[in-house]
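Residue numbering for the sequence shown follows my numbering, starting at 6 and increasing by one per position. All C-beta atoms, glycine included, are put in the ideal place defined by N, C-alpha and C. Quick caveat, the model's predicted, so the values are computed rather than measured. Worksheet: one structure, shown below.
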Amino acid sequence: MSGAMMFIQDDLGISDTQQEILAGILNLCALVGSLTAGRTSDYIGRRYTILLASVLFIIGAILMGTGLFRGNFFDVIKSLKLGWRIMLGIAAVPSLVLAFVILTMPESPRWLVMQGQLGKAKKVLLQVSNTTQEAELRFKDIKVAAGLDENCNDDIVKLSEMPHQGEAPWKELILRPTPSVRWMLFAAIGIHFFEHATGIEAVMTMNAVVSMSFISIYKAITIGKALEEMEMLFTRKSSGKNVAVKTGPTQNGTI
């Protein structure tokens, strides 16, 4: 996005304020996505949540790249200013690859246990674990975390029989976090705090614009200094000649 900002401003004729809003609105969209990702992953599963995010990213990249909702869409095609559109539209390629790859991956065993599909969860653990003993141990931990008996060997457990946990996840996260969760919470908040406190977020989004402004100022100073030196050089030469003419010829007979 940083590299495309300059070309977007030149092509669309937006102001600096609109350019800043365009760069900052990405964080607002990320906030909405992060708030809905938890419930979405619990409802349709982790795998399909990633697939949904990839599809949304592909659609967004295509719309930004083509400018479909601009009134002068055909004028845009006619002008052939495709630089920033290609930069934004090409971002759909990694998401497209991720969408196809995620379909070949198994579903999260924890989500399968939460849905009462213990048999499928055990099969997934056997596929991704190094040994059968490791799969059994992880399967017991997941069942205990879900509130089930670790010796439960049923392939399917009815959701009505599943214990209800995590009714107030924010309350548990903030008021009664476990030691491991407390450290994860501390690390997450610390990383985001220093990310914004150091200004790296602004550098990532506005780096190209700031760099071009610096280059423009540097060019102006350099060219201005060069012209000033040339003016001083010609002034000195002219002054020297005038002094020589006024004082007359030298001992060698030259002016």
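What is the DSSP secondary structure of P111, reduced to helix, strand or coil?
Coil at P111, not helix or strand.
Suppose the cutoff is 6 Å on Cβ atoms and the five residues either side in sequence are ignored; what does the same chain contact list for I13 look like?
W89, listed in sequence order.
Classify D159 as helix, strand or coil using the three-state DSSP reduction.
Looking at D159 - three-state DSSP - the assignment turns out to be coil, as it is neither helix nor strand.
Where does L73 sit, in a helix, a strand or coil, going by DSSP?
Residue placement at L73 is flagged as unreliable, the pLDDT there being 48, under the threshold of 50; the coordinate-derived value follows with that caveat. Three-state DSSP puts L73 in coil, outside helix and strand.
Within its chain, find whatever has a CB closer than 7 Å to the CB of A42; leave out the 5 residues flanking it on each side and keep chain order.
For A42, where only same-chain residues beyond five positions count, the Cβ hits under 7 Å are T54.
If the criterion is Cβ atoms closer than 7 Å, does the pair E155 and K145 meet it?
A contact, by the Cβ cut-off of 7 Å.
Just how far apart, CA to CA, sit L31 and F62?
Between L31 and F62, the C-alpha separation is close to 12 Å.
Using a Cβ-Cβ cutoff of less than 8 Å, which residues in the same chain neighbour Q24 once the five nearest sequence positions on both sides are dropped?
Only M10, I13, Q14 and V214 meet the Cβ criterion.
Have a look at I161, S20 and M69 and flag the residue whose alpha-carbon is nearest the alpha-carbon of G94.
Of the listed residues, the one whose Cα sits closest to G94 is M69.
Where R181 and I194 are concerned, what is the direct C-alpha to C-alpha distance, given to the nearest angstrom?
Roughly 17 Å between the two C-alpha positions.
Taking a contact to mean a Cβ-Cβ separation below 7 Å, would you say G204 touches I161 in this structure?
No, these two residues do not count as a Cβ contact at 7 Å.
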